[in-house]
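S.K.:
Numbering (the numbering used here), first residue to last: 1379 to 1790.
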């Protein structure tokens, strides 16, 4: 798993993140160059809702940061930040309250423009457009490069539409190849490298064939990894999350179709989800819950029960998966489980068209839209963040989709 970006020069800067609202069309003003030492105690000079400044806690680390070693194109972009409560009141109906952060940018492996974005001071008296408030996630899976059913035109349209969406992050949940051969991974890396958003990539069972995991690690990095992305303070208060933490886990094994994680990885997963107020997302290839219309269940993760119990204790928000080539969504123990269809092949069930998912997260809901090959975009699911459950109407939206595409027999 990894994020698209070039290795930037390591710097350590202290940035006071203002809580004022801003618009991307406004001139952000000059970049503020802050001294390399943290703000001194007692620097809280104004606590009005319009402008709030904070000081670093006494426990803020002051260790020297060294430049990172050369990393792959899909390397993670690590950031460190200390968090202090904003003056805003806690939002009702949720366990999370928004935090305003004092950001420390270090050894970033993202494009310089993305680094500068966190150092710009928003102008006064501006507002964030409504369209920019929700967190946008593009989720695609099972592109199967090298397979006879793979279509270049379909993949090109998918990437074009993802870039037009301008998501905060794109997640690809495995089966990048047909049989795990090196040339197939080269083709997959070429396609996925065209996605402009930070991209999280994990392998699937097809990628583990023919010792394909060695080619995956060469092209995309570790098979178990973490990606983090902080949110601007004004946006964090509207999404009720200080940032996004995505954990990528490899559930595949060589020449096996079923998935497995193993208890030895549970402590590692717990360590990665260490930020209570982040939006927590697990990216995995195999499905955790059986999918309607996919026949006899033989490929589910073998330790799915233990893993679901662990994710429930960790208060994980979303699980993104693929594998079965049928889009379907479950709400289980307060977790939204999203399964994606194939995005670039004709390996579909019934008349289900190829598709990929768009997730939009705001303070009250998580909405999932299906994007089809013909350009249609349809609302498929609504998940309430207050009740942590699917709405009843949302289930029928998905059920009708499967019936209309003859994946399930009609119940009428």
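Glycine is no exception: its CB is placed at the ideal position from the N, C-alpha and C atoms. Computed from a predicted structure; not experimentally measured.
Considering only the alpha carbon of each residue, which of 1524, 1517, 1726 and 1586 lies closest to residue 1697?
M.R.: Position 319 of the chain shown, counting from 1, holds the residue named residue 1697. Among 1524, 1517, 1726 and 1586, the Cα nearest to that of residue 1697 is on 1517.
S.K.: Cβ atoms of residue 1671 and residue 1704: under 9 angstroms apart, would you say?
M.R.: Sequence index remark: in the chain shown, residue 1704 carries index 326 (1-based). Sequence index remark: in the chain shown, residue 1671 carries index 293 (1-based). Yes.
S.K.: Whether or not the segment 1643-1660 and the segment 1716-1727 are in contact is what I'm after, with contact meaning three or more pairs of Cβ atoms, one per stretch, closer than 8 angstroms; do they touch?
M.R.: In short, these stretches do not touch, since the Cβ pair count stays below three.
S.K.: Using only the alpha-carbon positions, how far apart do residue 1616 and residue 1559 sit?
M.R.: Your numbering for residue 1616 matches position 238 in the chain shown. Your numbering for residue 1559 matches position 181 in the chain shown. Rounded to whole angstroms, residue 1616 to residue 1559 spans 45 angstroms at the Cα level.
S.K.: Taking only the alpha-carbon atoms, compute the straight-line gap between residue 1711 and residue 1622 and give it to the nearest angstrom.
M.R.: Against the chain shown, residue 1711 aligns to sequence position 333. Against the chain shown, residue 1622 aligns to sequence position 244. In a straight line, the C-alpha of residue 1711 is about 20 angstroms away from that of residue 1622.
S.K.: Quick one: residues in its chain with C-beta nearer than 6 angstroms to the C-beta of residue 1757, no 5 flanking neighbours on either side, listed in chain order?
M.R.: Here residue 1757 refers to the residue found at position 379 of the chain shown. Cβ neighbours of residue 1757 beyond the five flanking positions: 1747.
S.K.: When the Cα of residue 1515 is compared with those of 1557, 1544 and 1528, which residue comes out closest?
M.R.: As a first step, residue 1515 must be located in the chain shown, where it is residue number 137. Among 1557, 1544 and 1528, the Cα nearest to that of residue 1515 is on 1544.
S.K.: Report yes if the C-beta distance between residue 1511 and residue 1554 is below 9 angstroms; otherwise report no.
M.R.: Position 133 of the chain shown, counted from the start, is the residue given in the question as residue 1511. Position 176 of the chain shown, counted from the start, is the residue given in the question as residue 1554. Against a cut-off of 9 angstroms, the Cβ pair of residue 1554 and residue 1511 comes out as no contact.
S.K.: Return the first residue and the last residue of the beta strand (DSSP E) that residue 1592 is part of.
M.R.: As a first step, residue 1592 is located in the chain shown; it is residue number 214 there, counting from the start. Segment 1591-1598 is the alpha helix (DSSP H) holding residue 1592; no beta strand (DSSP E) there.
S.K.: Quick one: give me the first and last residue of the alpha helix (DSSP H) that residue 1537 is part of.
M.R.: For the purposes of this step, residue 1537 is taken as residue 159 along the chain shown, with counting starting at 1. Element bounds for residue 1537: 1530-1543.
S.K.: Distance, Cα to Cα, residue 1611 vs residue 1620?
M.R.: Position 233 of the chain shown holds residue 1611. Position 242 of the chain shown holds residue 1620. Taking the straight line joining both Cα atoms gives about 8 angstroms.
S.K.: Can you have a look at residue 1599 and say buried or exposed, based on whether 16 or more other CB atoms are within 10 angstroms of its CB?
M.R.: Residue 1599 sits at position 221 when you count from the first residue of the chain shown. The residue is buried, with at least 16 neighbouring Cβ atoms inside 10 Å.
S.K.: Could you check what DSSP says for residue 1666 in three-state terms: helix, strand or coil?
M.R.: As a first step, residue 1666 must be located in the chain shown, where it is residue number 288. If DSSP states are grouped into helix, strand and coil, residue 1666 belongs with coil.
S.K.: Can you check DSSP and say which residues form a bridge with residue 1745?
M.R.: As a position in the chain shown, residue 1745 is number 367, starting the count at 1. 1738 and 1760, per the DSSP bridge assignment.
S.K.: Have a look at residue 1533 and residue 1577 and give me their C-alpha separation to the nearest angstrom.
M.R.: For the purposes of this step, residue 1533 is taken as the residue at position 155 of the chain shown. For the purposes of this step, residue 1577 is taken as the residue at position 199 of the chain shown. So the alpha carbons of these two residues sit roughly 16 angstroms apart.
S.K.: Using the beta-carbon count (16 or more within 10 Å), is residue 1688 buried or exposed?
M.R.: As a working note, residue 1688 is residue 310 in the chain shown. Label assigned to residue 1688: buried.
S.K.: Below 8 angstroms on the Cβ atoms is my guess for residue 1581 versus residue 1601; work out the distance and round it to an integer in Å.
M.R.: Position 203 of the chain shown, counted from the start, is the residue given in the question as residue 1581. Position 223 of the chain shown, counted from the start, is the residue given in the question as residue 1601. Their Cβ separation, rounded to whole angstroms, is 6 angstroms, which keeps residue 1581 and residue 1601 in contact under 8 angstroms.
S.K.: Return helix, strand or coil for residue 1644, following the three-state DSSP convention.
M.R.: The residue labelled residue 1644 in the question sits at position 266 within the chain shown. Three-state result, residue 1644: helix.
S.K.: Would you decide whether residue 1690 is buried or exposed? Buried here means 16 or more other CB atoms lie within 10 Å of its CB.
M.R.: The residue given as residue 1690 occupies position 312 in the chain shown. By the 10 Å Cβ count, residue 1690 comes out exposed.
S.K.: Could you tell me which whole beta strand (DSSP E) segments of length 3 or greater appear in the segment 1615-1642?
M.R.: Runs of the beta strand (DSSP E) inside the segment 1615-1642: 1621-1626.
S.K.: How far does the beta strand (DSSP E) with residue 1602 in it reach, from first residue to last?
M.R.: Translated into the one-based positions of the chain shown, residue 1602 becomes position 224. Run containing residue 1602: none; DSSP gives neither H nor E here.
S.K.: Pull up the CB-CB distance for residue 1685 and residue 1666, whole angstroms please, since I reckon it's below 8 angstroms.
M.R.: Numbered from its first residue, the chain shown carries residue 1685 at position 307. Numbered from its first residue, the chain shown carries residue 1666 at position 288. Yes, they are in contact, since the Cβ atoms of residue 1685 and residue 1666 sit about 7 angstroms apart, within 8 angstroms.
S.K.: Which class does residue 1690 belong to by DSSP, given the choice of helix, strand or coil?
M.R.: Translated into the one-based positions of the chain shown, residue 1690 becomes position 312. Here residue 1690 sits in helix by DSSP.
S.K.: Just curious, the alpha helix (DSSP H) that residue 1570 is in, first and last residue?
M.R.: Mapped onto the chain shown, residue 1570 falls at position 192. 1560-1570 is the extent of the alpha helix (DSSP H) around residue 1570.
S.K.: Closest to residue 1735 by CA distance: which of 1749, 1726 and 1725 is it?
M.R.: If you number the chain shown from 1, residue 1735 lands on position 357. Here the closest residue by C-alpha is 1749.
S.K.: Is the beta carbon of residue 1636 less than 9 angstroms from the beta carbon of residue 1679?
M.R.: Residue 1636 sits at position 258 when you count from the first residue of the chain shown. Residue 1679 sits at position 301 when you count from the first residue of the chain shown. In this structure, residue 1679 lies closer than 9 angstroms to residue 1636 by Cβ.
S.K.: Who does residue 1697 pair with in a DSSP beta bridge?
M.R.: Working through the chain shown from its first residue, we reach residue 1697 at position 319. 1660 and 1715, per the DSSP bridge assignment.
S.K.: Using the beta-carbon count (16 or more within 10 Å), is residue 1525 buried or exposed?
M.R.: Locating residue 1525 in the chain shown gives position 147, counting from the first residue. By the neighbour-count rule (16 or more Cβ atoms within 10 Å), residue 1525 is buried.
S.K.: Shortest alpha-carbon distance to residue 1648 belongs to which of 1693, 1629, 1613 and 1519?
M.R.: One-based indexing of the chain shown puts residue 1648 at position 270. The shortest Cα separation from residue 1648 among 1693, 1629, 1613 and 1519 belongs to 1693.
S.K.: Shortest alpha-carbon distance to residue 1676 belongs to which of 1738, 1541, 1702 and 1609?
M.R.: Here the question's residue 1676 lines up with position 298 in the chain shown. Closest by alpha carbon: 1702.
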